[in-house]
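The numbering of the sequence shown is the working numbering, which starts it at 473 and goes up by one.
Just so you know, even glycine gets a beta-carbon here, dropped at the ideal spot from N, CA and C.
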Amino acid sequence: MSEQKKEMFLADDGRKYTKEQYLNKLRRGVLLRENVWLVCCILSFIATFTYLFFIYKFGLLAGSPWKYINIILLLLLTSFNIYLLPIVLRKNTRYTEYSAKFKQMYVKPLLEDAFGSGSYTKEEKVSIKEITEFSMLKKARSARANDCVKGNYDGVPFIRYDLTMKYENKSGKTDCVLIVAQIDTNLKEELQLIHEDFGIGKADYKQPDDYCKVLSPDKDFDKKFFIYAKNQREGEKFARKLPYRKLISFSKKMPVAAFFDRGKVYLVVGRGKDVMEAPIYRAVKEGRCIKEAEAEVDLIKNWISILKECV
């Protein structure tokens, strides 16, 4: 690790940097842009309350409708600035450059080393129809996928990506990891395996109307997971061969849901954030970046290993 940290490269500005130095330089540029916008927000706050103070202290514009119109306009401007702050931060060109360089230097090499060259792409088109119909998720209005990994582990082809979906509620969205594994499940009808804490679209997951609840032989497992099957006999047979301890251990730090179809299994991992995005409010540390990317590799490998025991 120490040798890798000392490795220098020539950047576009003609200077030599380590990966950490270069990425932190870009990160500071993003923060500078944010701080400028933050100062604008603070100044608008000060201007608004100064204006209000003089209006009521000295009775300016007494009886005039312009007094109230100006107050409303200033409050709207201040609120609009605050609302735009995170949007401006994430959409500016400096952040785009910084994020791309971060993933090129840390995320992409590690994932492609684990699953083969060309397996990682920054963005991927996803089929809303496939996600909502085959995985039985609530109907999403739109979806965006990034940090996509395609590969084959232990004979099982898969695709993994961070997924952001918007639902019927315009303000409601969810960030999760979706892993789609192509594997023969030997099931005639779909089966669902839902962790007790799993929710999607800011709502708890409920038992589908046309599914029956199935209990496993393990009482501890049934406290953590719900098994829903269209065919009760098939569901009971499936439940008897589950690796209960491994599934409980796998879901300790994250609520998960698995949707078993005939030839595919969808794993949805609730996250609430995109774990492979470039940090902004903390310094880039190579060891931490590598550790986070390795955790995603382990997530894929561990799930596929468990999945092969399930089917």
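Asked	Found
What residues in its chain sit with their C-beta under 7 Å from that of L771, if we drop five residues either side in the sequence?	none
Tell me the rounded alpha-carbon separation between R760 and F517.	38 Å
When the distance is taken between beta carbons, is V741 closer than 8 Å to C648?	yes
How big is the Cα-Cα spacing for K477 and Q576?	Interpretation of K477 is limited by its pLDDT of 48, a score under 50 that renders its predicted location unreliable; the figure taken from the coordinates is listed afterwards. Distance between the alpha carbons of K477 and Q576: 16 Å.
Bridge partners for S591 per DSSP, in chain order?	None, per the DSSP bridge assignment.
Look up N624 in the DSSP assignment and say whether it is helix, strand or coil.	strand
Under 8 Å, do I762 and Y592 count as touching if we go by C-beta distance?	no
Between the stretch 498-508 and the stretch 746-754, do at least 3 Cβ pairs fall closer than 8 Å?	yes
Quick check on L665: does DSSP put it in helix, strand or coil?	strand
Assuming V652 contacts Y738 under a Cβ cut-off of 8 Å, what Cβ separation, rounded to an integer in Å, is found between them?	6 Å
Can you give the Cα-Cα distance for L510 and S723, rounded to whole angstroms?	39 Å
Candidates K696, F587 and L659: which alpha carbon is nearest A729's?	K696
Assign Q664 to buried or exposed, taking buried as 16 or more other Cβ atoms, counted over all protein chains shown, within 10 Å of its Cβ.	buried
Can you list, in chain order, the residues of its chain with a C-beta nearer than 8 Å to that of A711? Leave out the 5 residues immediately preceding and following it.	V686, L687, S688, P689 and I699
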